[in-house]
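Residue numbers (the UniProt record's numbering): 1 to 430.
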């Protein structure tokens, strides 16, 4: 009945359970069962709320929720598809595939990736999101324990990204990006995972068709968020071939150590199980967090602060894949903020706030604070701290070489949002 069997490990410390794959259709079914020793471990925790700590055999269609955050994103799926086409000879890329191949034949996909499991199993172990690792059942070696590139190779990877984005990539360049292991980090933007000494880092790249300096703006937003008291990963802005590249530490690794302990991670999208992100409201996440996080009092204020910050900088890409949770010894807590990107148009926000998805959601923000149970004084303090922080965005953006024309667009949006919030929460002097 079962085509393939795998062991699921929490880092390299504990065998959590076994997963059996049934390839009966284009969307395989899976069976999962916790290991009996794990169930008796006093430090055991449920991999996700829909898989409570029980001895029963769980059945689900497709990939279990606790592995879904490791699935490749749009960028990596396109790379995997190009790799298969090139290796199979179905649709060669530029250049001769036999000359351009950078992987031994036994390291390519054995068949065309037709479902999520094929793509998940190709993820490079060292780069996987969170702490869960996969091994063929009874095998002590984890799947795909390939090395990731050195930071010193970023220039070569940048050239590969540029070529792929322009549909001019060679087979070798596609392979280089696949080996760089950015598959499970989410989003449609190009990214890779690299190492620098004992550190594991994420590198995010620009693309030829960008209308503004997307990467430098993300770095600017991260710096401003930190000033506002919002935890963010350590980051650094580099310049390669006159373009910016953003380096980020991994917050799902202790101190972003390459071979250090891995920290469990689940995205809000995985936790809420919503097939349609447009139907999700921030209130849905708040309701879930109330019984999920270990320190609701702290995390509800952090949640409110992030929604306020997104409103001020016009980060409309605020969907549930862009917020997540880490598990510490005390329990689950909000992960540092990431993918903070000011939007240059008045596009609707991806996630509703009490039914509102426009930039004029200051009244909804006040009502949401009440919904969370944050008192008026504390609410005003959080809003004012965010306003004071975003007023520094022009200076920080200028430090990173962002042109004045781009800065004016964002500053105009921010000033408009400050005016709206000041009507509700009171003036904050410049």
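Where a beta carbon is used, it is the ideal one built from N, C-alpha and C, also for glycine.
For the alpha helix (DSSP H) containing residue i, list its first residue and its last residue.
i: residue 370; result: 362-372
i: residue 116; result: 116-121
i: residue 212; result: No alpha helix (DSSP H) holds residue 212; DSSP gives it neither H nor E.
i: residue 4; result: Unbroken run through residue 4 is the beta strand (DSSP E), 4-10; no alpha helix (DSSP H).
i: residue 133; result: Note, residue 133: premise wrong, no alpha helix (DSSP H); beta strand (DSSP E) at 132-136.
i: residue 156; result: 154-165
i: residue 291; result: 282-292
i: residue 379; result: 376-390
i: residue 306; result: 296-313
i: residue 172; result: 171-179
Name the one or two DSSP bridge partners that residue i has.
i: residue 199; result: 196 and 257
i: residue 401; result: Residue 401 is not bridged to any residue.
i: residue 204; result: 191 and 246
i: residue 32; result: 19 and 58
i: residue 265; result: 326
i: residue 142; result: 135
i: residue 458; result: Because the chain spans 1 through 430 in this model, residue 458 falls outside it and cannot be assessed.
i: residue 356; result: 353
Excluding sequence positions up to five away, which residues of its chain have a Cβ less than 6 angstroms from the Cβ of residue i?
i: residue 145; result: 125
i: residue 134; result: 6 and 143
i: residue 254; result: 260 and 261
i: residue 12; result: none
i: residue 379; result: 369
i: residue 425; result: 380 and 383
i: residue 406; result: 212
Which same chain residues, not among the five before or five after residue i, have their C-beta less than 7 angstroms away from its C-beta?
i: residue 1; result: Residue placement at residue 1 is poorly supported in this model, since its pLDDT is 49, which falls under 50; the coordinates are not used for a value here.
i: residue 105; result: Low confidence applies here, because residue 105 scores a pLDDT of 36, under 50, leaving its location unreliable; read the following figure in that light. Hits under 7 angstroms: none found.
i: residue 390; result: 224, 312, 313 and 414
i: residue 208; result: 162, 165 and 166
i: residue 459; result: Here the chain covers residues 1 to 430 and nothing more, so residue 459 does not appear.
i: residue 14; result: 38 and 41
i: residue 53; result: 34, 39, 44 and 46
i: residue 77; result: 119
I'd like the span of the beta strand (DSSP E) that includes residue i, first residue to last.
i: residue 17; result: 14-22
i: residue 331; result: 331-334
i: residue 240; result: 235-240
List the whole-angstrom C-beta distance separating residue i from residue j, where the pair is believed to meet the contact cut-off of C-beta under 8 angstroms.
i: residue 362; j: residue 420; result: 4 angstroms
i: residue 36; j: residue 270; result: Rounded, the Cβ-Cβ distance is 26 angstroms, inconsistent with contact.
i: residue 250; j: residue 200; result: 5 angstroms
i: residue 70; j: residue 29; result: That belief does not hold up - the Cβ atoms of residue 70 and residue 29 are roughly 18 angstroms apart, past 8 angstroms.
i: residue 237; j: residue 400; result: 6 angstroms
i: residue 148; j: residue 180; result: 6 angstroms
i: residue 230; j: residue 305; result: 6 angstroms
i: residue 240; j: residue 300; result: With a Cβ gap of about 40 angstroms, residue 240 and residue 300 do not count as contacting.
What residues in its chain sit with their C-beta under 8 angstroms from that of residue i, if we drop five residues either side in the sequence?
i: residue 226; result: 232
i: residue 206; result: 213, 214, 215, 243, 244 and 245
i: residue 296; result: 289 and 290
i: residue 58; result: 31, 32, 33, 51 and 64
i: residue 282; result: 303, 307, 351, 352, 353, 354 and 368
i: residue 137; result: 5, 6, 7 and 18
i: residue 366; result: 379, 424 and 425
i: residue 396; result: 220, 223 and 224
Original post:
Would you call the region 31-44 and the region 153-164 in contact, with 3 or more CB pairs under 8 angstroms?
Top reply: no
Original post:
Would you say the region 402-422 touches the region 297-312, given that touching needs at least three Cβ pairs under 8 angstroms?
Top reply: yes
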